[in-house]
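First the structure, in the form of structure tokens, and then the observations on it.
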Amino acid sequence: VAHAAPAVQSNAKTNATPAAIIDGKDQFSTMLDTLEIGSPLPGLPDCADHRTPDGKDVTAYCVELRGDGVMRQVGVPRDKRPTFMDGPRLVALVDGNALVGLIVPTDGIRSQDAAAQALNARYGKPFRQEMVDMKDKAGKGVKTIHAGWMRKPLTVELYAIPEDPNEGTIEL
């Protein structure tokens, strides 16, 4: 019962802002703290043991054990994902056991403002930001954010996929 009150408070905060706040930190920062670049990849369980009954989501941080060892799919549970993340998995780039990069899929233009807000909160003002004209799959013109942040030795980039601006990525 003692745990119920903070969960309710946390849910209220989650619904209050697009970045989704947990214990004073947005979900993006919390996720990046869990999967910290330059640190060893955390020992995560196999995603096969943590799938939802429909198989489309995961219930805990986990790793897909199949893969080439350099790129690993990491499952992120719904309550730990930033709102702009597209789907339950991100790609972790590893060298040996060291986490050297992350590729976080986004909802592209549909969530670019929330993604940029979370990146600005964590990394400060981008060193480069521009609006890029693209066409969506229906041929309609859209403006997308292409921005970059740098916190040595880390470079971070946010952009929409040119072939389908409704999909995007954050690369760290």
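188 is the number of the first residue of the sequence shown in our numbering; add one for each residue after it. Built from N, CA and C at the ideal position, the CB exists for glycine as well. The model shown is predicted, which means the values in this text are computed figures rather than measured ones.
Residues that residue i bridges to, as DSSP identifies them
i, result
"Glu183", "A question about residue 183 goes unanswered here, because the residues of the chain that appear run from 188 up to 359."
"Val257", "In the DSSP output, where bridge partners are listed per residue, Val257 has none listed."
"Met218", "For Met218, which the question treats as bridged, DSSP gives no partner whatsoever."
"Thr356", "Pro292 and Tyr346"
"Arg265", "BP columns for Arg265 are empty, so no partner."
"Cys249", "Gly262"
"Asp233", "Val250"
N- and C-terminal bounds of the beta strand (DSSP E) containing residue i
i, result
"Val343", "Leu341 to Ile348"
CB-CB length for residue i against residue j, believed under 8 angstroms
i, j, result
"Val278", "Leu231", "Not confirmed; about 14 angstroms, so no contact."
"Leu341", "Ile332", "So it is not a contact: roughly 19 angstroms between Cβ atoms."
"Met272", "Thr293", "6 angstroms"
"Val250", "Leu280", "That belief does not hold up - the Cβ atoms of Val250 and Leu280 are roughly 13 angstroms apart, past 8 angstroms."
Option nearest residue i by Cα separation, candidates the options
i, options, result
"Gly225", "Ala302, Asn284, Val319 and Glu358", "Asn284"
"Gly274", "Val245, Leu252 and Asp300", "Val245"
"Asp213", "Tyr248, Gly242, Lys267 and Ala235", "Lys267"
"Pro229", "Tyr248, His237 and Asn307", "Tyr248"
Every unbroken alpha helix (DSSP H) inside the region 267-334 [4 residues or more]: 299-310
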